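Reading through the structure tokens given below for one structure.
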Amino acid sequence: MSADIETVVIGAGVIGLAIARAFTDDGGEVMVLERHKLIGAETSSRNSEVIHAGIYYPRDSMRARFCVRGKDQLYNFAQQAGIPVKRCGKILVATSPDETPQLDRISAAGKANGVSDLCSLSPKEVREIEPDIACVAALHSPSTGIIDAHALMLALEGLIEAGNGQVVLNVSVENLSQNAQGNFVVTTQSSDGETTTLTARNLIIAAGLEAQHLAAFIHGKTNGSYMPPKRYLAKAHYYTLSTCVPFKHLIYPVPPQAGLGIHLTLDMAGQARFGPDLTWIDQVDYTFDDADGRRQADFETAIRRYWPSLPQASLQPGYTGIRPKIHPPGTSTADFAIHGPEIHGIPRLIGLYGIESPGLTCCLSIADHVRKLIG
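All letters in the sequence shown, in the order written, are residues 1 to 375 by full-length UniProt numbering.
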């Protein structure tokens, strides 16, 4: 018995949409299922919207390879599709002498990953292009930029629906299994309580924060020996600036162990935002938590290390995001986990886990990789 549809992608974030578009570009029939009423309602719309260069990640890791390749793909796609994008560049600053060796390590890592446009800047050279920045040394990454993530997702959705695909919102996946023919059985429930079952030849789980929960349905029935990576939730807060920002570049401090530090990014209108911080949490919760003002004070302290003249009381609460990490607190950031049949043993099933930064930059290159895994 044939399946109702060739490919089902669960999750209409930027990764799921990019994957679905890769399938429809090849003429495939695709249905994207999304439990929210909007595309990209979680991780994809709660980040810095930065196109990363590929300088932080271990050589030959998926994060490094997909970022360097995906950066160029994303710039080209944005230009072709009329998506707002800006190659504004980034200045990575050391604010004390003990941070300068880390700049050297980052520069070496970037070059090993194929990022050939990095250059060192002296404090004088930094002041010439960004007079308000204080530092003892810096790196300039001219290929770093920003993109309108929502416009990107709308463009991907449009291409899916112009091809042989559809994006279905307000449906949650309640169960997954396989039938005797080896097709995937997907049981969904709509927002009004209607239950529907369909079958698919290929199944892609690109559900971000809920990927492990969905994978447990099918792996518990078909391959109990396989376990997807454990999920850990890291909450990020972002502040916006109530005054005009004097910067044209993104400004990043030397990164701490578990993130990239409290950096300054710009949106397409030139407005500034600061973040993210990192708080490990047990449950998904997007509440902006700063009742006592302590978080804002910590942000101000971190920002003034590289922008001493940050105006008093100019930060205002912005938004929060949650990153689907697959490494516990106190350990190094894990690589992306894209598990195909060679890992879990189930043909035509792909599960994506831990797709956090630089996931937005990598969306098109990840999509190409998943398309090849399915064959």
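We put the CB at the ideal spot given by N, CA and C, even for glycine. As the structure is a computational prediction, the values presented were derived from the model and not from experiment.
Between arginine 305 and threonine 7, the alpha-carbon positions lie close to 50 Å from each other. The shortest CA-to-CA distance from alanine 138 to any of Thr243, Ser122, Gln79 is the one to Ser122.
Per DSSP, the unbroken beta strand (DSSP E) holding asparagine 202 starts and ends at 195-205.
In the structure shown, alanine 138 adopts extended strand secondary structure according to DSSP, grouped into three states. For lysine 235, the closest alpha carbon among the candidates Gly27, Thr43, Gly13 is that of Thr43.
Here the stretch 46-60 makes contact with the stretch 350-359; the two share three or more CB pairs at distances below 8 Å. Listed in chain order, the beta strand (DSSP E) elements of length 3 or more contained wholly in the stretch 222-276 are 232-241, 250-253, 263-266, 272-275. Per DSSP, reduced to three states, the secondary structure at threonine 301 is helical. Shortest Cα-Cα distance from arginine 35 to any of Ile10, Pro97, Lys111, Asp267 involves Ile10. Distance from the CA of glutamine 316 to the CA of isoleucine 251, rounded to the nearest whole angstrom, comes to 19 Å.
The Cβ atoms of phenylalanine 274 and phenylalanine 299 lie closer than 8 Å to each other.
Taking threonine 240 as the centre and dropping the five residues before and after it, the same chain places the C-beta of Arg273, Gln316, Gly318 closer than 6 Å to its C-beta, in chain order. With three or more CB-CB distances shorter than 8 Å, the stretch 172-185 counts as touching the stretch 211-220. With 16 or more other CB atoms across the displayed protein chains lying within 10 angstroms of its CB, lysine 90 is buried. Take alanine 18, set aside five residues on each side of it, and the residues of its chain with a beta-carbon closer than 8 Å to its own are Leu156, Cys363, Leu364, Ile366, Ala367, in chain order. By the C-beta criterion, the stretch 71-81 is judged not to be in contact with the stretch 286-293, since fewer than 3 inter-stretch pairs fall below 8 Å.
Across the structure, alanine 22 and arginine 371 are spaced so that their CA atoms are roughly 7 Å apart.
Taking a contact as a CB-CB distance under 8 Å, the pair tyrosine 232 and proline 328 counts as one, their CB atoms being some 6 Å apart. In the DSSP assignment, leucine 176 is bridged to Val186. In this structure, the beta-carbon distance from threonine 95 to valine 136 falls below 8 Å. Counting other Cβ atoms within 10 Å of its Cβ, methionine 227 stays below 16 and is therefore classed as exposed.
With respect to the 8 Å criterion, arginine 201 and alanine 3 are classified as neighbours on the basis of their beta carbons. For isoleucine 322, the enclosing beta strand (DSSP E) covers residues 315-325. The beta carbon of aspartate 117 sits closer than 6 Å to the beta carbons of Pro142, Ser143 from its chain, once the five residues preceding and following it are set aside; these are given in chain order. Cβ neighbours of serine 107 within its own chain (closer than 8 Å, five residues either side excluded): Ile55, Leu118, Ser120, Leu139. In this structure, DSSP gives leucine 33 an extended state, which the three-state scheme calls strand. Here the stretch 161-171 lies against the stretch 25-35, with 3 or more beta-carbon pairs under 8 Å apart.
Sequence-distant Cβ neighbours of threonine 243 in its own chain, meaning closer than 6 Å and more than five residues away, are Pro311, Ser314. Taking a cut-off of 8 Å for Cβ pairs, the stretch 345-353 and the stretch 202-210 touch, as three or more such pairs fall below it. In its chain, beyond the 5 residues on either side, Val30, Ile160, Gly163, Asn164, Gly165 have a beta carbon closer than 6 Å to the beta carbon of threonine 24. Annotation for glutamate 99: Val254 place their beta carbon closer than 6 Å to its own, counting only its chain and skipping 5 residues before and after. For the options Phe336, Ala134, Gly82, Pro324, the alpha carbon positioned closest to that of leucine 92 is the one of Ala134.
Rounded to the nearest angstrom, the gap between the Cα atoms of leucine 154 and alanine 81 is 10 Å.
In the structure shown, valine 68 adopts helical secondary structure according to DSSP, grouped into three states. The beta-carbon distance between histidine 219 and threonine 320, rounded to whole angstroms, is 31 Å. This is too long to meet the 8 Å contact definition.
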